[in-house]
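> Residue numbers (the working numbering): 8 to 487.
Backbone N, C-alpha and C define an ideal beta-carbon position, used for all residues, glycine too.
Note that the coordinates shown come from a computational prediction; the quantities given were computed from them, not determined experimentally.
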Amino acid sequence: ICRMRTFGLNCTSRRHMTAGEVATALRPFYFSVHPDLFGKFPIERATNENSLQVLSSYIQTLQQKNRPPIAYFEIFDKRNTFFFLTGSLKPVNIKLAQRDIRNTVVSILSTCNLPTTYVDQIAPEVDKKKIRFTGPDEIFRRKVYNFENDLRDAMAYDMKEEIRRAKGCENLIGWLEQNAESSKEKLAACEPVREEVGRLKEVLCKDYGLLAIYWECGWNITHFRGCLLALKALIEHHAEVVGFLKDRTLVFGNDTGVSLDGHILLNSSEVRGNWLDFIKNVGKQDIALKTVPLFEKSLSMVLRDIQVVRRKFQPKIMVKQYENNLRRLTTSLSDCQGKGGYPKHWPSSLSNYELVVETEAGPLMLSPTGQFIVPCSCPSFLIVNFITENLEKAHEFLEQYKGHKVIEKQLHKNCLNELGLIALDKDDCITPEPMIRFCENLLKHRDLLKEHLVGTRLTVTNYYSVMSDGQMCVPWNWKL
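(1) Going along the chain, which unbroken runs of the alpha helix (DSSP H) with 4 or more residues stay wholly within the stretch 216–281?
(2) DSSP three-state label for Cys119, please.
(3) Going straight from the alpha carbon of Ser307 to that of Glu396, what length do you get?
(4) DSSP on Leu100, reduced to helix/strand/coil?
(5) Decide if Asp127 is buried, meaning its Cβ has at least 16 other Cβ atoms within 10 Å, or exposed.
(6) What's the C-alpha gap between Arg444 and Glu303?
(7) Compare the beta carbon distance of Cys224 and Ser275 with 7 Å and say whether it is the shorter of the two.
(8) Would you call the stretch 212–224 and the stretch 256–266 touching, i.e. three or more CB-CB distances under 8 Å?
(9) Of all the options Gly410, Ala196 and Gly280, which has the alpha carbon lying nearest to the alpha carbon of Ala237?
(10) Measuring straight from C-alpha to C-alpha, what distance separates Ile170 and Tyr37?
(11) How big is the Cα-Cα spacing for Asn421 and Thr124?
(12) List the DSSP bridge partners of Ala430.
(13) Considering only their Cβ atoms, is the gap separating Leu418 from His452 smaller than 7 Å?
(14) Rounding to the nearest angstrom, what Cα-Cα distance links Val481 and Asn178 in this structure?
(15) Would you mind working out which of Glu447, Trp222 and Lys239 sits nearest Lys213, comparing C-alpha positions?
(16) For the 8 Å Cβ check, are there 3 or more pairs between the stretch 404–414 and the stretch 371–381?
(17) Comparing alpha-carbon positions, which option in Tyr349, Leu423 and Lys409 lies nearest Ser389?
(18) Quick check: the Cα distance between Asn532 and Ser117, rounded to an integer number of angstroms?
(19) Near Lys400, what residues of its chain come up, given a Cβ to Cβ distance below 7 Å and the 5 sequence neighbours on each side ignored?
(20) How many whole angstroms separate the CB atoms of Val265 and Val326, which I take to be in contact at a CB cut-off of 8 Å?
(21) So is Arg109 buried or exposed if we call it buried at 16+ other beta carbons inside 10 Å?
(22) Just reading off the alpha helix (DSSP H) that Leu296 is part of, what are its end residues?
(23) Just checking my contact of Asp476 with Ile228 at CB under 8 Å: how many whole Å lie between their CB atoms?
(24) Return the Cβ separation of Leu241 and Trp282 in integer angstroms, given the expectation that the two are a contact with Cβ distance under 8 Å.
(25) What's the call for His352, buried or exposed, on a 16-neighbour Cβ count within 10 Å?
(26) Just to confirm, are Leu455 and Leu426 a CB contact at a threshold of 7 Å?
(27) Compute the Euclidean distance between the alpha carbons of Tyr65 and Glu28, then round it to the nearest angstrom.
(28) Would you mind sorting Glu243 into buried or exposed? The rule is 16 or more other CB atoms within 10 Å of its CB.
(29) Under a three-way DSSP split, which group does Leu357 fall into?
(30) What would DSSP say about Ser472, mapped onto helix, strand or coil?
(31) DSSP on Ile380, reduced to helix/strand/coil?
(32) What's the gap between the Cα of Ile82 and the Cα of Gln314?
(33) One question on the structure: do Leu398 and Val364 come within less than 7 Å of each other, judged by their Cβ atoms?
(34) Which of the three DSSP states is assigned to Ile394 in this structure?
(35) Looking at the secondary structure, which residues open and close the alpha helix (DSSP H) in which Met24 lies?
(36) Name the residue from Pro354, Thr466, Ser384 and Arg335 whose alpha carbon lies nearest to the alpha carbon of Ser190.
Given below as structure tokens:
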């Protein structure tokens, strides 16, 4: 929306990206050129270190008029399936001639043959700093500036963009006709990598006593193999870490720490040195893990024996942070209980209800699965009012969720068997109800879809995409 000025004005729009969005979008690139991957190639390692400094400086100064030189990198040639072992390298020249951050990120990813799906999903924003005034001659000719027309045009554009994103501009059968075969080709090309990943997981678990190893990261299976090889090398060079890993579950993801389930989390984008430092000190995290049930019990007692649980489909949270969140919320509710108590019409016990404690930035909401989601910073009177208003609805949602889980499990099994899928997964944001709808529609139209879906790996999300390892992402609310 444009603000009124003395003269008429025009607004120019740009593709805006925050620092966090830039970092997320460039993670696959950083992983491909990270100097630690080039230990056996000292010349290329030095080249990449210098070019990363040039690139970092350029991104930070994009809003200025500087024009840094071309960045020269060496990356592994992934056309060779065993590039990590053979040392197959190829040079990449990235021309830093773009004048805005979005085009720079797209250029970097495209030059390295990496996907730009994340960037493509970022919507345009109005750049309020680039408002310019029209000259007095034009004002004289127009006399009256018609703000209504400009506002209508801006609103129409925003609505079209929103509708386009919501619909996805795709139908499933047409999209599969265009992408199913290429997906299968990518799956076949990555099959040796999958086999190697399975072998590495088996060796690591058998030789070093790990219970299981999971991959909970947005990157493809090639990066998983790289992490497994890095972990294997770390253990071979630092045998003392075996004792810390024995009888533990290891998860490669976006964080480093110990989860509430006691799993060791390693950030897949960090170097081995950081992993080593954390694993050696994992015992300190385990101490906090033992006290969490006590803090959960204290909060439960303060709130009439409500079940303090972890959110279904919740991202991983670190033990120390969760402990602080519990302590803070317990103190707040204790003060509320001491001052005036809870509403008289509340049940004498809330043991049939579930409460999830979130971080300060978390939402105050009732989840689709019937759980009260409460940020630890929320004032106690707001929490009490919210629970009061949603007790009946929470009970209803909880009962629905229990039934939906059973139905989802059976439909998932039927889809795998009747459509010949290799795997059917879903994003954490997809709850049982939309998953049920997705599976029912697949089975309803299985005669049309089976020829495209047999032998594929499917992930239920909110968008269409084919990952570099052949995994197909399909929105849960697809149209035929």
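Inspection of the coordinates gives the following:
(1) 228–244 and 249–252
(2) coil
(3) 20 Å
(4) In the sequence as presented, Leu is not what sits at residue 100; that position holds Asn. In the structure shown, Asn100 sits in a strand (DSSP, three-state: E or B).
(5) exposed
(6) 35 Å
(7) yes
(8) yes
(9) Gly280
(10) Summary for Ile170: the model assigns pLDDT 48, below 50, so the residue's position carries little reliability; its value from the coordinates is reported in the next sentence. Straight-line Cα distance between these residues: approximately 34 Å.
(11) 31 Å
(12) Arg464
(13) no
(14) 10 Å
(15) Lys239
(16) yes
(17) According to the sequence provided, residue 389 is Leu. The question's Ser does not apply to it. Looking at the Cα atoms, Tyr349 is the closest of the given residues.
(18) Coverage of the chain is limited to positions 8 through 487, which leaves residue 532 absent and any answer about it impossible.
(19) Leu373
(20) 5 Å
(21) buried
(22) Val289 to Val309
(23) 5 Å
(24) 6 Å
(25) exposed
(26) no
(27) 16 Å
(28) exposed
(29) coil
(30) strand
(31) strand
(32) 51 Å
(33) no
(34) helix
(35) Where Met24 is concerned, there is no enclosing alpha helix (DSSP H), given that its DSSP letter is neither H nor E.
(36) Thr466
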